[in-house]
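Undergrad:
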Amino acid sequence: FIDMNSNSNNQGGGVYINGYNKNCNVVIFNNMITRNAHTGNGAYNYGGGLSIQTDNITLTNNTITGNVANQPGGGIVLSAYSSGVYDIFNNIIWGNSASSGGDIYIYNSNSVIKNVYNNNFDPSKVAGNPFTNQANNVNLDPLFIDSANGNFHLTQNSPLINIGNNIAPSLPATDFEDDSRIVGGIVDIGADEMALNNSPVANPDSPYTGIEGQIIILDGSGSNDSDGSIVLYEWDIDNAVKTAYGLTST
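The opening position of the sequence shown corresponds to residue 20 in the working numbering, with each subsequent residue numbered one higher.
Spelled out as structure tokens, the structure:
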């Protein structure tokens, strides 16, 4: 989870990988790269979220969102030095911003085969060298649970559930939290795989004791929902003679 970093030098607000003249094969999967910034204004101060310089790159099932750059490439910047292959599969590269290529910026890569399949990005935020092969890419609001507060899990209504590519290169067996990677037959797009809907677990912090006439505070803050957010607390008191609502009640 690479979140809320800032850089004003070189490249990459969140991550910078330089494989120049090293014949590197870079594989990145299951990463959350979010809310990072590159604030530099130099000629090569590229990449708000991720900047990689090498000839062979695989990006599979990452979530790259909310990143910004003053120069090109708000989400990702990819650049090569000779021929190679870029495989970009099942990623959320969406909601980033920059001077150009707000989501994706590819340069010095005319000799690289660029395979781009089943990703979520805004085509109007793609700049630089064109893709070689592409299909099944979408431009959709991922419907994160609470991106403003750093929760980039997919909600149950996310349009990115079950629309990925099951034969993506380097597809991991689990997601970024070690949950099973393919649920429902088709992989999701992004670092998070939506698990089956689990029921919330109520924890009333009981039993409570007191004397007649005394105020007793009932506290349900120990309750949890492993794959969502609790939206309603309901207290059934004395076999429903009294029903109360809220995280706490008296």
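Quick reminder that beta carbons are idealized off the backbone N, C-alpha and C, glycines included.
#1: Taking residue 212 as the reference, which of 146, 220, 172 has the closest Cα?
#2: Determine the closest residue to residue 190 out of 99, 182, 201, 196, with distance taken between C-alpha atoms.
#3: Relative to the C-alpha of residue 141, which candidate in 181, 95, 164 has its C-alpha closest?
#4: Helix, strand or coil, according to DSSP, for residue 143 in the structure here?
#5: Note the first and the last residue of the continuous beta strand (DSSP E) segment covering residue 44.
#6: Label residue 220 either buried or exposed according to how many other C-beta atoms from any shown protein chain fall within 10 Å of its C-beta, with 16 as the threshold for buried.
#7: When the Cα of residue 175 is compared with those of 203, 92, 186, which residue comes out closest?
#8: Restricting to Cα atoms, I'd like to know which of 248, 179, 36, 69 is closest to residue 51.
#9: Quick one: what's got a C-beta closer than 8 Å to residue 101's C-beta in the same chain, skipping five residues either side?
#10: Is the beta carbon of residue 156 sitting closer than 8 Å to the one on residue 135?
#11: Leaving out five residues before and five after residue 116 in sequence, what residues of the same chain have Cβ atoms less than 6 Å from its Cβ?
#12: Measure the Cβ-Cβ separation of residue 98 and residue 128 and say whether it is below 8 Å.
#13: Taking the alpha carbon of residue 185 as the point to measure from, which residue in 137, 144, 28, 46 has its own alpha carbon closest?
#14: Do you know offhand how far residue 106's Cα is from residue 37's?
#15: Using three-state DSSP, classify residue 102 as helix, strand or coil.
#16: Could you compute how far the alpha carbon of residue 112 sits from the alpha carbon of residue 194?
#17: With burial defined as no fewer than 16 other Cβ atoms inside 10 Å of the residue's Cβ, what is the status of residue 149: buried or exposed?
#18: Excluding the five sequence neighbours on either side, which residues of its own chain have a C-beta within less than 8 Å of the C-beta of residue 25, listed in chain order?
#19: Could you please give the first and the last residue of the uninterrupted beta strand (DSSP E) stretch that includes residue 213?
#20: Considering residue 152, what are the terminal residues of the beta strand (DSSP E) in which it resides?
TA: By the coordinates alone:
#1: The shortest C-alpha separation from residue 212 is found at 172.
#2: Ranking 99, 182, 201, 196 by Cα distance to residue 190 puts 201 first.
#3: Per the C-alpha coordinates, the member of 181, 95, 164 positioned closest to residue 141 is 95.
#4: Residue 143 falls in the helix class under three-state DSSP.
#5: Following the DSSP letters along the chain, one finds residue 44 inside the beta strand (DSSP E) bounded by residues 44-48.
#6: With fewer than 16 Cβ atoms within 10 Å of its Cβ, residue 220 is classed as exposed.
#7: Cα-wise, what sits closest to residue 175 is 203.
#8: Distances from the alpha-carbon of residue 51 to those of 248, 179, 36, 69 put 69 closest.
#9: Around residue 101: 74, 130.
#10: Between residue 156 and residue 135, the C-beta spacing is below 8 Å.
#11: Counting only Cβ-Cβ distances below 6 Å, and skipping sequence neighbours, we find 87, 93.
#12: Taking 8 Å as the cut-off, the Cβ atoms of residue 98 and residue 128 count as close.
#13: Of the candidates 137, 144, 28, 46, the one whose C-alpha sits nearest the C-alpha of residue 185 is 137.
#14: A straight line joining the alpha-carbon of residue 106 with that of residue 37 spans about 18 Å.
#15: Reduced to three states, the DSSP call for residue 102 is coil.
#16: For residue 112 and residue 194, the distance between alpha carbons rounds to 17 Å.
#17: Answer is exposed; the Cβ neighbour count stays below 16.
#18: Around residue 25: 32, 55, 56, 57, 58.
#19: Counted as a single uninterrupted DSSP element, the stretch harbouring residue 213 is not any beta strand (DSSP E), since DSSP gives it neither H nor E.
#20: Here the beta strand (DSSP E) through residue 152 covers 152-154.
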